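Engineer:
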Amino acid sequence: MKQILEIDLRNQQVTVQLRVINKWVTQVVSGACFYYSSDPSSHIICSIGGNVAENSENLHCLKDGVTTNHVVGLKFVISDGLVVDVGVTVPEMPGYELIYLLGLKGH
Ligand SMILES: Cc1cc2nc3c(=O)[nH]c(=O)nc-3n(C[C@H](O)[C@H](O)[C@H](O)COP(=O)(O)OP(=O)(O)OC[C@H]3O[C@@H](n4cnc5c(N)ncnc54)[C@H](O)[C@@H]3O)c2cc1C
6 MKQILEIDLR
16 NQQVTVQLRV
26 INKWVTQVVS
36 GACFYYSSDP
46 SSHIICSIGG
56 NVAENSENLH
66 CLKDGVTTNH
76 VVGLKFVISD
86 GLVVDVGVTV
96 PEMPGYELIY
106 LLGLKGH
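Numbers 6 to 112, taken from our numbering, label the letters of the sequence shown in order.
Quick look at the structure:
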């Protein structure tokens, strides 16, 4: 679960597996002058999955928002083994914000 699956610079979206280290996301897009702004101080060791679970934040969040503001879609497995997909690939899409209902800290 440590793979970066897709980099879509045009739409400023990266699809990752949950144990991808936060800093890796910035590393793969920095050549195109992008960075992943939701980077807690632990970004060299923490994972995107941990960031989502904790709704991590940092100084950039004052301007760019916390982790949940950057997550447009999630695929996860619940305790009975069911695989659930929520979200869309288009940010700010009308409709229910299901990602906020998943027990994330929210704001
Ligand atoms: C030196 C240091 C600096 C830090 N700075 C910040 C900061 O600036 N801002 C901030 O918000 N936090 C900070 N933290 C706290 C922590 O690093 C973050 O909350 C980070 O997002 C946790 O990610 P992790 O991969 O280390 O998760 P872990 O510590 O491994 O897990 C955290 C929680 O998330 C759950 N979890 C992890 N991965 C998954 C998954 N794939 N699916 C479901 N649940 C999962 C775990 O079960 C656990 O309950 C800091 C921590 C340290 C040690």
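Here a beta-carbon is modelled for each residue, glycine too, at the ideal position from N, C-alpha and C.
The model shown is predicted, which means the values in this text are computed figures rather than measured ones.
Below 6 Å, is the gap between the Cβ of residue 84 and the nearest heavy atom of ligand 1?
Structural biologist: Not under cutoff, so the answer is no.
Engineer: Where DSSP assigns a beta bridge to residue 11, which residues make up the other side?
Structural biologist: Answer is 20.
Engineer: Sorted by chain position, which residues of the same chain lie with C-beta nearer than 6 Å to residue 40's C-beta, five sequence neighbours on each side aside?
Structural biologist: Excluding residues within five positions, the ones whose Cβ falls inside 6 Å are 31.
Engineer: What residue from 42, 47 and 38 has the CA that sits closest to residue 75's CA?
Structural biologist: When only C-alpha atoms are compared, the closest one is 42.
Engineer: When DSSP builds the beta bridges, which residues end up paired with residue 92?
Structural biologist: Residue 92 is bridged to 78.
Engineer: Where does residue 26 fall in DSSP's three states?
Structural biologist: Strand at residue 26.
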